[in-house]
Each structure stands twice: as C-alpha cells, then as structure tokens.
Amino acid sequence: MKKLIKGARFTPRNYSDEVEAKIQQYKHEGVRLPQRHLLRTEEQLAGIRESAKINTALLDYISENIREGMSTAEIDHMVYCFTTDHDAIPAPFMYEGYPKSVCTSINDVVCHGIPSTKEILKSGDIVNVDVSTIYKGYFSDASRMFMIGEVSPEMKRLVEVTRECRDIGVRMAQPWTRLGDIGAAIQEHAEKNGYSVVRDLCGHGCGVKFHEEPDVEHFGKRGTGMMIVPGMTFTIEPMINMGSYEVFIDEADGWTVCTDDGLPSAQWESMVLITENGNEVLTE
Ligand code: MF3
Ligand code: CO
1 MKKLIKGARF TPRNYSDEVE AKIQQYKHEG VRLPQRHLLR TEEQLAGIRE
51 SAKINTALLD YISENIREGM STAEIDHMVY CFTTDHDAIP APFMYEGYPK
101 SVCTSINDVV CHGIPSTKEI LKSGDIVNVD VSTIYKGYFS DASRMFMIGE
151 VSPEMKRLVE VTRECRDIGV RMAQPWTRLG DIGAAIQEHA EKNGYSVVRD
201 LCGHGCGVKF HEEPDVEHFG KRGTGMMIVP GMTFTIEPMI NMGSYEVFID
251 EADGWTVCTD DGLPSAQWES MVLITENGNE VLTE
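Printed below as a string of structure tokens:
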C-alpha cells in the first residue's frame, strides 16, 4: 500500500483554493450550491469544447442549406449525415424514445417538433432548429431560429427579441451571482416587449450528460436560486411566446410542445461555461 502523503488532497477537485473558499463561505450562509460533479475538470472541458465545435459547425451548415420548400425530414437527414460524418452522434436520436436526430419547431410549436416528410417549410414560417451532439461521450446543445421567405414584421420582431433574451441571459451568467438573476433579466426583456416567457420548460446543465442539474429557468427573481459557480456548463434557451405562456404537449406524438393560444413562439439556445472571471460561450 502507498503511504499517505501529508497535505495531499484525497478528494480531487478541479477548482482553485479561491473557489473552494467561496464555496465554503456560501455553504456556511446556507446558499444553494451546485454539487461538485457539476464543476467540470479540464479533461471534461476539452471534450465538451470539441463536441460544441461540431455542434456549432452543424448549425452553420444548416444555416447555409435550409430553404423554402424543404421538408423538416430533410433537415433531419442533414443533421444525421453531418454529425456522423464528424464521428459524432446526434444526442436526440432515441433519447427517451425520441425518434429523430433534431427538433424542428415551426410557428406555434414551442419546441420538440418532430421532423416529418409531410412538413414543408413555406414562406412566412419561423422555424427553430435545435441540435445536440455527443462526441467522445461529451454533450453539447444549441438552437437557432430561421425565417423562411417573407416573414411578417410581427414575427420578425418576436425572433429578434427572443435572440436578445438569450443574449441577455448569457451576459448575466456570471460567477457568484444567482440563477434567478438570469431568469429575471430574460423575463424583464420579454415582458417589456409585450411577450411572455414559457414556464414549463427550462435550460439545463449539459456536458457530461445531455440534461443534468441545474434547471435554468428563464423567469424568476434576482438574488434567488442556485449560486453560479466557475466550472459549471449549462444552457440558456428561452422560449418566448407572442401571446400567453401556456403550452400543451400534442397527445398524438407525446413530444411536440405547442402554444395554447396558437400564437407563434421563438427560441434561441446557447451553452455557456462559467469561468472565474466571466463566462465562455460554448455553443450558439
Ligand atoms: N435539444 C433539446 C434541449 O434543448 C432537448 C431535446 S430532447 C429530444 O434541451 F429528445 F426532444 F431531442
Ligand atoms: Co437544451
């Protein structure tokens, strides 16, 4: 047996003494903190960054090729081929029984729309393409909106404000602030513009698993919720509705989330890494 070396750490940790000291201080104050396994090691970060790079390149490829008249099944095909060509796996495929490689959500579909050969992109549509990649066991996640042909000014504004909500959320994702600070800032911007924030779906920890702790809500109160700590990787993916925030799941497929009032919804998603002095955008 090896001798124990005095002063050696027997619980490996991947963050500095400064971070540890702050964790101890906040723990003492009773603040909610992420579990240690949610603070990524350098090795995990290297894998997550590689996965994220493929995920971003995939969305760039979709941006260049998406067009009016195309079916959402064709988008699914592009996602499957691009991802596997890069030695990666589309994370949605067979995830909890999800049947396709990507989610395509048009107009009043909030998220988790299932691609179909029968669904054709037409002028005036706004569509969210949500892609997630597994590379060497590491996960990444992002989505963008695409406007097909001539889109009404009202829907264009929804898409733009939703992007601003995502960007504000990303800017708010700072070490030693709270998750509620992100939610509150997004909610303020959405509501100031006359829109509502979907309550029933949220962002999430991502990197070592597809969906892990914490839940990242896109509404809330400043100064509340889990402390944001360097080493965390999570998504910010506000779903913003033109009308009410109420949604329902289509019973026919058990996945498609739609707005209750039939009015359009938009979503943009990024994944961030919290660093000791800010954040790094991993996907967009
Ligand atoms: N990509 C979605 C997200 O942003 C999750 C989709 S789950 C699926 O979290 F099974 F529908 F793919
Ligand atoms: Co996500």
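Per the UniProt record's numbering, the sequence shown starts with residue 1, numbered consecutively. Glycine is no exception: its CB is placed at the ideal position from the N, C-alpha and C atoms.
| Item | Value |
| --- | --- |
| Whole-angstrom distance between G149 and L58, CA atom to CA atom | 22 Å |
| Cβ contact (3+ pairs, closer than 8 Å) linking the region 213 to 229 and the region 258 to 265 | no |
| The ligand CO heavy atom lying under 7 Å from the CB of H204 | yes |
| Chain D within 8 Å of S196, Cβ atoms only | Of the protein chains in the structure, only one exists, and it is not chain D. |
| Per-residue burial, F234 [other beta carbons within 10 Å of its own, 16 or more giving buried] | buried |
| 7 Å Cβ shell around N107 - same chain, five flanking residues per side excluded | D125, I126, P264 |
| Where P214 sits in the DSSP three-state scheme | strand |
| The region 81 to 91 touching the region 231 to 249, judged by at least three CB pairs closer than 8 Å | no |
| CA nearest to the CA of N277, picked from M271, M172, D253, I48 | M172 |
| Buried versus exposed, by CB contacts within 10 Å (16 or more), N65 | exposed |
| Beta-ladder partner(s) of A21, from DSSP | DSSP, once it has assigned bridges, lists no residue as partnering A21. |
| When T275, S123, T83 are compared against I62, the one with the closest alpha-carbon | T83 |
| Beta-carbon spacing of S132, S123 below 8 Å | no |
| Candidates C206, T162, T283, G183, of which the one nearest Q267 by Cα | T162 |
| For C206, the nearest candidate out of G231, E191, H189 (CA to CA) | G231 |
| N-terminal and C-terminal residue of the beta strand (DSSP E) that A266 is part of | 265 to 267 |
| Beta-carbon spacing of D76, K53 below 8 Å | no |
| Exposure label - residue 286; buried when at least 16 CB within 10 Å | Look at the range of the chain in this structure, 1 to 284, and you will see that residue 286 is not part of it. |
| Alpha carbon of S152 to alpha carbon of N128, nearest angstrom | 16 Å |
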